[in-house]
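Peer 1: Questions regarding the structure given below will be posed in turn.
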Amino acid sequence: MLFNLKLMEEDKYYNDIQKALDDLPGNFSILEEQIDIEDQMKYFEFSKNVREKEIADECFENREELFLPEIPVERKKEILSAIASLDEVKAFRTLEKYLKNPDKELHNWAILAMQESRMLLQSSLLDEKQVFISTGLGGKGQKLRYYVVFINRNRNSMLDATQQKLVKNELIFALKDKEGEFESISFFEGFSTSLVLLPLKTDIKQVFNAMIEECNQYGDFLDEDMIITNVKALSRGEIIQMLNQSKDSDFENGLEEE
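Numbering follows the working numbering, with no gaps: position 26 of the sequence shown is 26.
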């Protein structure tokens with residue numbers, strides 16, 4: 001499940017995503033590691049093709065190849081993906097063992113394979129289908145990690161020390177109220193960025209709107225709009241590009257109204 005939202009433009013998508021989260025069953029697992037979305041998609045596409053070959057048993061019989069340095073990376077990818085589809089504790093233990101000292105380029109591949117294997121075993125033991133949620137930023141327990149950009153009213157200046165302290169303190173308070181966790185915050189000219197964790201079904205828009213409203217009681221220095229994503233941490237250049245696009249869109253909308 002991916003969530004990449006620029007709230008200044010995409011309220012409709014936010015509502016759709018929030019409804020999907022609310023409708024999730026209680027038996028779900030979240031990928032905790034931060035793994036690039038493109039790498040995840042490559043893994044699942046590759047795994048699908050491997051399953052169609054029906055070579056899981058053969059790969060399991062030759063699982064020791066995973067630990068031999070002379071075996072090509074592509075063959076190891078095949079073995080990892082194949083044995084992840086087996087409802088066998090020994091398959092899971094093999095993946096667990098490999099992940100303790102994986103080939104550098106296969107570290108994330110092994111994490112995804114082991115997560116898939118764990119989900120399969122849980123489904124079998126509990127006799128109910130498990131839901132697996134993965135995002136680029138990962139999570140912790142039943143919480144998702146979000147990268148949030150708070151936008152200054154004055155995009156040409158940085159918040160002063162008092163405003164920075166207020167934003168940080170109000171953010172920590174708002175998160176704690178929803179059983180969330182604060183990880184980091186950084187301040188730049190025109191905006192602030194933060195990494196936070198929030199329970200999966202939290203109305204994240206409500207959390208941050210309330211926090212911004214509270215801060216603005218002391219000077220009205222934050223824009224009501226914000227950028228939220230769980231796909232990746234955005235670069236300064238990407239954020240500035242988003243803000244400029246928003247500014248251009250506001251200008252065009254103003255012309256249309258005249």
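Backbone N, C-alpha and C fix where the C-beta goes; we use that ideal spot for every residue, glycine too.
1) Would you kindly check if the distance between the Cβ of Thr202 and the Cβ of Lys178 is under 8 Å?
2) Quickly, what does DSSP pair Tyr147 with across the bridge? List them, please.
3) Just to check, is the beta-carbon of Thr94 closer than 7 Å to a non-hydrogen atom of the ligand NAP?
4) Any Cβ of chain B within less than 8 Å of the Cβ of Met119?
5) Just to confirm my understanding: we take Asp39, look at its own chain, exclude 5 residues before and 5 after, and list those with CB closer than 7 Å. What are they?
6) Among residues of its own chain, excluding the 5 on either side of Asp87, which ones have a beta-carbon nearer than 8 Å to its beta-carbon?
7) Take Gln142 and list the residues in its own chain whose beta-carbon comes closer than 8 Å to its own, dropping the five residues that flank it on each side.
8) So what does DSSP say about Ile30, is it helix, strand or coil?
9) If you run the structure through DSSP and keep just helix, strand and coil, what is Ser124?
10) Tell me which same chain residues have a C-beta within less than 6 Å of the C-beta of Val207, skipping the five on either side of it?
11) Just how far apart, CA to CA, sit Ser235 and Asn62?
12) To the nearest angstrom, report how far apart Met242 and Asn152 are at their CA atoms.
13) Please report the distance separating the alpha-carbon of Gly275 from that of Lys42.
14) Between Ala91 and Ser194, what straight-line distance do the alpha-carbon atoms span, to the nearest angstrom?
15) Along the alpha helix (DSSP H) that carries Ser81, what are the first and last residues, could you check?
16) Could you pull the DSSP bridge partners for Ser186 from this structure?
17) Whose CA, out of Ala84, Leu144 and Glu105, lies closest to the CA of Arg118?
18) Identify the continuous beta strand (DSSP E) that holds Ile172 and give its terminal residues.
19) Residues in its own chain within less than 7 Å of Ala56 by CB, not counting five upstream and five downstream?
20) What residues in its chain sit with their C-beta under 7 Å from that of Asp103, if we drop five residues either side in the sequence?
21) Is Ile71 near Glu65, with beta carbons less than 8 Å apart?
22) Whole-angstrom Cβ separation of Phe182 and Ile172, contact assumed at under 8 Å?
23) Please identify the residue among Leu80, Val196 and Tyr218 whose C-alpha is closest to the C-alpha of Asn49.
24) Cutting at 6 Å between CB atoms, please list the residues of its own chain near Asn244, excluding the five before and the five after it.
25) Closest to Leu159 by CA distance: which of Arg93, Tyr218, Gly237 and Tyr98 is it?
26) One question on the structure: do Gly138 and Glu238 come within less than 8 Å of each other, judged by their Cβ atoms?
Peer 2: With the structure as the only source:
1) yes
2) DSSP output for Tyr147 lists Leu195 and Thr229 as bridge partner(s).
3) The ligand NAP is not part of the structure shown, which contains no ligands of any sort.
4) Protein chains in the displayed structure number just one, and chain B is not present.
5) Asn108
6) Leu120, Leu121 and Ser124
7) Phe28, Ile30, Pro199 and Leu200
8) strand
9) helix
10) Ala174 and Lys178
11) 43 Å
12) The straight-line gap from Cα to Cα measures roughly 14 Å.
13) Outside the displayed range of the chain (1 to 258) lies residue 275, so it cannot be described from this structure.
14) 39 Å
15) Val73 to Ile83
16) Thr193
17) Ala84
18) Taken as a continuous stretch (DSSP letters only), Ile172 belongs to no beta strand (DSSP E), being part of the alpha helix (DSSP H) at Ala161 to Asp177.
19) Ala82, Ile83, Ser85 and Leu86
20) Val73 and Lys76
21) With respect to Glu65, Ile71 sits close: the two C-beta atoms are nearer than 8 Å.
22) 5 Å
23) Put simply, of Leu80, Val196 and Tyr218 the residue whose alpha carbon is nearest the alpha carbon of Asn49 is Leu80.
24) none
25) Tyr218
26) Contact flag unset, no.
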